[in-house]
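*Asks:*
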Amino acid sequence: MVLNRKFQKHQETLDLDFSTLQITDPPNSNYKAILFTLLGTHTKIIDINNNKKQSFILKVLTTQIPAPEYEIHKNILTHKVEVLGIKDKTLKQEIENGILGFANTLSDWTNNNMWGTSEQFYALHFLAYVFSKISGRFYTNGYSCFLDFSAKDLHFSKQDSDPIQDYYADLPVQSPRYFAITVSEKFFQEFLLEFFNRKKRLNLLEYMELFPEFDGYSESMNVFEASDLLPDLMKRFSGEERISLEFNPKNPIQEGVDYSKKNIKVNFHQNSVDLLIPLIFDIVIGKTLFTWEPIGQGYLGIGGITQINQFKDGSLNFDIKSKIRLQELYMTDTETQKRIEDNASIIKVLGNLFIKENLSPPQTYHADPKLLLDLNWGNFNIVEYLEKKVKMRFIEGYFEMIVDELDTDKFPQDLGLVNKFGGVSGGFSHDQNKRKTAWENKQKRLEKEAKLREEQALAAKNSSSDQVSQETQ
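Residue 1 is where the sequence shown starts when you use UniProt numbering, and the numbers rise one by one after that.
(1) Please classify LEU14 as buried or exposed, where buried requires at least 16 other C-beta atoms within 10 Å of its C-beta.
(2) Can you look up ALA169 in the DSSP assignment and give me helix, strand or coil?
(3) Going along the chain, which residues of its own chain have a beta-carbon closer than 8 Å to the beta-carbon of TYR178, five neighbours each way excluded?
(4) Taking contact to mean at least 3 C-beta pairs separated by less than 8 Å, is the stretch 132-152 in contact with the stretch 72-86?
(5) For LYS410, report the span of its alpha helix (DSSP H) as first-last.
(6) Would you kindly work out how many angstroms separate the C-alpha atoms of HIS79 and ASN104, rounded to a whole number?
(7) Rounded to a whole number of angstroms, what is the C-alpha to C-alpha distance between residue 509 and GLY296?
(8) Check whether the stretch 23-32 and the stretch 41-51 are in contact - that is, three or more C-beta pairs closer than 8 Å.
(9) Excluding sequence positions up to five away, which residues of its chain have a Cβ less than 6 Å from the Cβ of PRO412?
(10) Taking C-alpha atoms, which residue in SER220, ASN343, PHE318 lies nearest to TYR330?
(11) Around the Cβ of PHE187, are there at least 16 other Cβ atoms within 10 angstroms (buried) or fewer (exposed)?
(12) Please report the straight-line C-alpha distance between SER227 and ILE277, rounded to a whole angstrom.
(13) Return helix, strand or coil for LYS44, following the three-state DSSP convention.
(14) Taking 8 Å as the threshold (C-beta atoms), are SER272 and GLN310 in contact?
(15) With a threshold of 7 Å on Cβ separation, who are the neighbours of ASN111 within its own chain once the five nearest residues in sequence on each side are excluded?
(16) Report the CB separation of GLU241 from VAL223 in whole angstroms; it is logged as a contact under 8 Å.
(17) How far does the beta strand (DSSP E) with HIS79 in it extend, from its first residue to its last?
(18) Helix, strand or coil for LEU193 per DSSP?
(19) Hey, would you say THR41 sits closer than 8 Å to SER19, going by beta carbons?
(20) Look up TRP292 in the DSSP assignment and say whether it is helix, strand or coil.
(21) Classify MET401 as buried or exposed, calling it buried when 16 or more other Cβ atoms lie within 10 Å of its own Cβ.
(22) Is it true that the CB of ILE280 sits closer than 8 Å to the CB of GLY303?
(23) Can you grab the Cα-Cα spacing for the pair GLY239 / LEU446, in whole Å?
(24) I need the straight-line Cα distance from GLY298 to THR332, nearest angstrom please.
(25) Look at the alpha carbon of ASN263 and the alpha carbon of TRP115, and state the distance between them as a whole number of angstroms.
(26) Let me make sure I understand the geometry here. Which of GLN11, ASP25, GLN337 has the alpha-carbon closest to that of LYS59?
(27) If you measure from the CB of ILE76, is any heavy atom of the ligand GDP nearer than 7 Å?
(28) Just how far apart, CA to CA, sit LEU127 and LYS6?
As structure tokens, this is what we get:
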């Protein structure tokens, strides 16, 4: 439907046979292009009883290139279309133009052109398009299409992340997948380092207040409750004032910076994870709803080995055995610049007791897709369906989530996907248009100012020449 909307020929249609699709890595692609080849048919209605059909071979070279300056994402996709097998040059050009228009609609925000498509395609298009705009690599091995992401990519950076370190060179060769996500342990470590380098502050209490499930904890995060561990607080603040930890603060304690650089550990093994994650923080008191006063600084290291196994019964249940502990805790008082040594030791002991009681006993965790896919499923049992399709595991060096082929025809027809993804897509599209307009206006202003400077310089030069001429006379 979208294809022929772009072809716009009266009594003529284009059909593409996606069952014939072949994907290849074009020469000199540099992990930035994919060549799509498939068969198509042009049909012209002669009269009620007669149609003229012509088959053709379609080649579309899709390339990932840097986005314009005004974009917040770093990539756009461009296309070159070639139609083979059509002798009529005019018709060949019309088909190429129509398919190029179709390809360009697929490389635009979903809400602009995908109306009228199935809900599932609408949602998948949005996700694929967003990922293509932020990924560092876009390529194929001839069987599957790949999008590779660096830590900068997933922090929505426009900085050049290429060449991406090849974290997946040692991944065992596997058969083509319907859909899969593979994460290297090295990528996870890089992501943490990028988080620290960017100084992205995260206020624990503000984050917890976003989720009603944490109300019991967030309501107790005040000076009075914290005074059991930090008794001097009551001398300086009222018991009702809020207290929180601000991770990755703007001006981190130097000892924490040094510790974090040397002590990040992310090791994925067969059905287990060995982690050591350093966190730098400020202890802050809430002065108003959105302003906080630092009263202490510190850092901690939390980690250990956790065994994770998905049940073999085809369910999304996981057997978890964890030995995670607080490995390090260091705190200083901002006012006195002295180390809070005794209190830190007590907090570390109590923290490890809490972790041991809540994480050490073997646990069963159930991943409920309904929580992740909050849609109008009706009587369709999406949990039972996905349990048979999704497998997650840790192998040496990597985490994998594999999704077997989904028969989306079994899904309900009114899931609400268009409303859910259309609004988000529309927001991105509107923001992009605003940025483009502002950028274009800025360019016009700069051109006008440059032209004015040239005119002023020329006028000054002419004035100087006239003065010299008069003096000579």
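Every residue, glycine too, gets a C-beta built ideally from N, C-alpha and C.
*Replies:* This is what the structure holds:
(1) buried
(2) coil
(3) VAL403, ASP404, GLU405, LEU406
(4) yes
(5) No alpha helix (DSSP H) holds LYS410; DSSP gives it neither H nor E.
(6) 7 Å
(7) Coverage of the chain is limited to positions 1 through 473, which leaves residue 509 absent and any answer about it impossible.
(8) no
(9) GLY378, PHE380
(10) ASN343
(11) buried
(12) 27 Å
(13) strand
(14) no
(15) GLY422, SER425, GLY426, SER429
(16) 5 Å
(17) 75-84
(18) helix
(19) no
(20) strand
(21) exposed
(22) no
(23) 56 Å
(24) 6 Å
(25) 50 Å
(26) ASP25
(27) The model depicted lacks the ligand GDP and carries no ligand whatsoever.
(28) 23 Å
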